[in-house]
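What follows is a set of notes on a single structure, which appears directly below.
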Amino acid sequence: MSTTADLERLAEDLAAEARPDRAGTGVSPHRTALRRLRSDPVAVVSGAVVLVLVLLGLLAPLVTSLWGIHATVGHPDAPRPSEVLLFDGYPAVGPPYEPFTWQHPLGLAPRTGVDNLATLLYGLRTSLGVAVVATVLTTLVGVGVGLVAGFVGGRTDRVVSFVIDLFLSFPFLLGALALAPIVVSRFSTDPDGLALAQVVALVAVLVTFGWMGLARLIRGQVLSLREREFVQAAVVMGLSTRHILLKELLPNLVAPIVVAVSLSVPAFVAAEAGLSYLGIGLTGVPSLGQTINQAVDSFERYPLYLWAPVLTVMVLVLALNLLGDAVRDAFDPRTRR
Amino acid sequence: MTHDPAPPDPLLAVRDLRKLFPARPTARRSRFQGAVRAVDGISFDLRPGGTLGIVGESGSGKTTTGRLVARLEQPTSGSIRFAGTEIGALSRKEMRPLRRQIQMVFQDPYGSLNPRQTVGTALATPLRAHALVPAGGVGRRVREVLELVGLDPRHVDRYPADLSGGQRQRVAVARALAVEPRLVVADEPVSALDVSVQAQVVNLLQDLRRELGVAFLLISHDLAVVRHFCDDVAVMYLGRIVETADRDSLYTRPLHPYTQALMSAVPDVRRGTSGERLHRIRLPGEPPSPVSPPSGCRFRTRCWRAQEVCAQVDPPLLEITPTHRVACHFAGEFGAVPADREGAPGQPG
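In order, the protein sequence lines correspond to chains A and B. In terms of my numbering, the numbers along the first sequence are unbroken and rise by one, the last being 380. In terms of my numbering, the numbers along the second sequence are unbroken and rise by one, the last being 1233.
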């Protein structure tokens, strides 16, 4: 028994005694973590911000139709571009030339005349959707691969570790850059198919290059958990490998998984925006990065057009990151600053 | 330990068991890098309901022996027969149906319970896995075994973090016994506990052994615990059994120099108060590396009786009395020599 383990145990004992919220009455460690999370002001505020943004994204169709704005060019109810645009392509109502109007709070896009708020809401929806799907898939792949590699060990572990290194060494941007034109040319005749294919390709790229970190983390955790006596006890009890993986090991990995998930959502939001800005990501559906890309050209005359999506991405990523940090502190008090 | 003349069929019969851990696990720079000879050819028997204590210092291979018997490790060679079945070479899958009969209690009650499981879940899991009780009766059985080990049945909803070390070890014992095993391997079951709690847990194990008739393989460095609990004792040094005997014989007449040294290191209150001075044997140095054990007798590098023969000939485990066997060239020439001693311990057979 090493001294650090003894000290940790002692600390654990003292903490168990000192914690009034779990005074000897069977409270699961995860519930205590949630309780800690709820009493953390940073977590509450950032959680509220995330919740509002998620709701706005989810309810984008409802909000836009209530407001009477539209995110697509040539929508039958939308005003025709010629009605709302001046000769130089800038909108005739709202910024940058005219004063603020509640009809289009963020103004209209130059050249297309599409409402910026509507684009923003739908973009938020796309960004969050892509990030969430990518996170779920990377988590499944990463946790699965990590569990098996760590527990089975031996040759399997060596092969998996090599594959992880291989994927880590492959340049992510290059892969994405190479993939985008292939997808575009393949589906160029079919706009709906193109939009879907781009989403799928984007998620695939994010997942393909996003699972290794978590897999490595989980593998390491399993390697140390595997030698813990409760896992040995489970083997002696004759429990199946599946049971040991899912019922004995997985519950002890919830904290690192939750932390990884909460930090990977903002990373994927940023990655999606970045890729779309570079023109590798989505073009068929509105997205934050794509809007930023288009707004850069007219920044000098029409700064609001750029600031709105940039600030939205910033607020979203910041709130998600702060929430992720708070989650990590709550689930893993030892790493608290 | 077999009791002549009519030994009952042993529950556990270990023959020439070996476990080598490669000193360098990577396959690339293979050829010969040597191996840690953790357990190097040991044999012993354990009758149904019997208790065998294995004592020795750290690195003697006693823990590895326990893990081999519980089949947490794969033996390098040798045989482990459990209730007539050879289990030494069984695969993980083949072993599973037998698992119920061999249970294990671990040293560290903080590590042997899953921190994310309530006591109830920990106890119900093996019952469900082996379908020992009908689904409806699991809860009742869990409460039963909790009472059996002297815990309040209300503890079912507690998490390990809510329990003290002694309580946790009781839960670990309850978990091992819930599936009605025939053999329990207890690896240092009380070493991590406070002294006051140690006695409670040892007494609990003893009561349970009497009530349930479970055989115990108790692994410990604590001679007092082994003396209290075990009928038979085997002393291990550097992967070998150097002396094995029934408890009384071993504690009153230790024959191997190593056993004598171990015994002399145990403080004795009675002897201290009576003023009788105990001759304490100090062993020089540390145990040699198990990667390259000394030639001949493994203990010779620290033995005050070592002669030339010890470096050349590995002493076999010779029978001094039917229940007492020693691996020393000079076992018969020192201490109390039994009258009915057979063979010539000085000459290797």
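We put the CB at the ideal spot given by N, CA and C, even for glycine. What you are looking at is a predicted structure, and each value in this text was computed from that prediction instead of being measured.
Residue i in three-state terms, based on DSSP
i, result
"G1169 of chain B", "coil"
"Q987 of chain B", "strand"
"P346 of chain A", "helix"
"V939 of chain B", "strand"
"A1070 of chain B", "strand"
"E970 of chain B", "strand"
"T232 of chain A", "coil"
"T1205 of chain B", "strand"
"L99 of chain A", "helix"
"D992 of chain B", "coil"
"F928 of chain B", "strand"
"V1003 of chain B", "helix"
"E141 of chain A", "coil"
"M280 of chain A", "coil"
"E1064 of chain B", "coil"
"H286 of chain A", "helix"
"G324 of chain A", "coil"
"N336 of chain A", "helix"
"L220 of chain A", "helix"
"D372 of chain A", "helix"
"N383 of chain A", "Residue 383 of chain A lies beyond the residue range present for chain A, which begins at 44 and ends at 380; the question has no answer from this structure."
"I225 of chain A", "helix"
"F1183 of chain B", "coil"
"A351 of chain A", "helix"
"A862 of chain B", "Because chain B here runs from 885 to 1233, residue 862 of chain B falls outside it and cannot be looked at."
"A1076 of chain B", "coil"
"W1188 of chain B", "coil"
"P1177 of chain B", "coil"
For residue i: DSSP bridge partner residues
i, result
"K903 of chain B", "B:V923"
"S963 of chain B", "B:R899"
"Y1121 of chain B", "B:R1124"
"D1116 of chain B", "B:L936, B:D1130"
"L1032 of chain B", "In DSSP, L1032 of chain B forms no bridge with anything."
"L151 of chain A", "A:D158"
"L128 of chain A", "A:P134"
"V1210 of chain B", "B:E1127, B:L1202"
Chain A within 8 Å of residue i, Cβ atoms only
i, result
"L1088 of chain B", "no"
"A954 of chain B", "yes"
"R1025 of chain B", "no"
"G995 of chain B", "yes"
"D992 of chain B", "yes"
"R1000 of chain B", "yes"
"P1010 of chain B", "yes"
"L904 of chain B", "no"
"A1013 of chain B", "yes"
"R984 of chain B", "yes"
"R980 of chain B", "yes"
"Q1278 of chain B", "Residue 1278 of chain B is absent from the model: chain B starts at 885 and stops at 1233."
For residue i, the first and last residue of its enclosing alpha helix (DSSP H)
i, result
"G263 of chain A", "255-269"
"M1147 of chain B", "1141-1148"
"A1045 of chain B", "Careful: A1045 of chain B lies outside any alpha helix (DSSP H) and carries neither H nor E."
"R1087 of chain B", "The question names Arg, but residue 1087 of chain B in the sequence shown is Asn. Unbroken alpha helix (DSSP H) run through N1087 of chain B: 1079-1096."
"I207 of chain A", "197-212"
"R955 of chain B", "R955 of chain B -> no alpha helix (DSSP H), and no H or E assigned at all."
"A313 of chain A", "297-320"
"Q146 of chain A", "Taken as a continuous stretch (DSSP letters only), Q146 of chain A belongs to no alpha helix (DSSP H), as it is neither H nor E."
"A76 of chain A", "72-81"
"E1192 of chain B", "1192-1196"
Test: residue i CB closer than 8 Å to a CB of chain B
i, result
"G193 of chain A", "no"
"V308 of chain A", "no"
"D64 of chain A", "Note that D64 of chain A has pLDDT 45, beneath the 50 cutoff, so the model's placement of it is unreliable and the number below is only indicative. Chain B contact via Cβ: absent."
"S319 of chain A", "no"
"P299 of chain A", "no"
"L282 of chain A", "yes"
"R271 of chain A", "yes"
"A303 of chain A", "no"
"N336 of chain A", "no"
Where the beta strand (DSSP E) containing residue i begins and where it ends
i, result
"L1102 of chain B", "1099-1104"
Any non-hydrogen atom of the ligand SAH within 7 Å of residue i CB
i, result
"T355 of chain A", "You won't find the ligand SAH in this model; it holds no ligand whatsoever."
Any C-beta of chain C under 8 Å from that of residue i
i, result
"A373 of chain A", "Included in the structure are the protein chains A and B, with no chain C among them."
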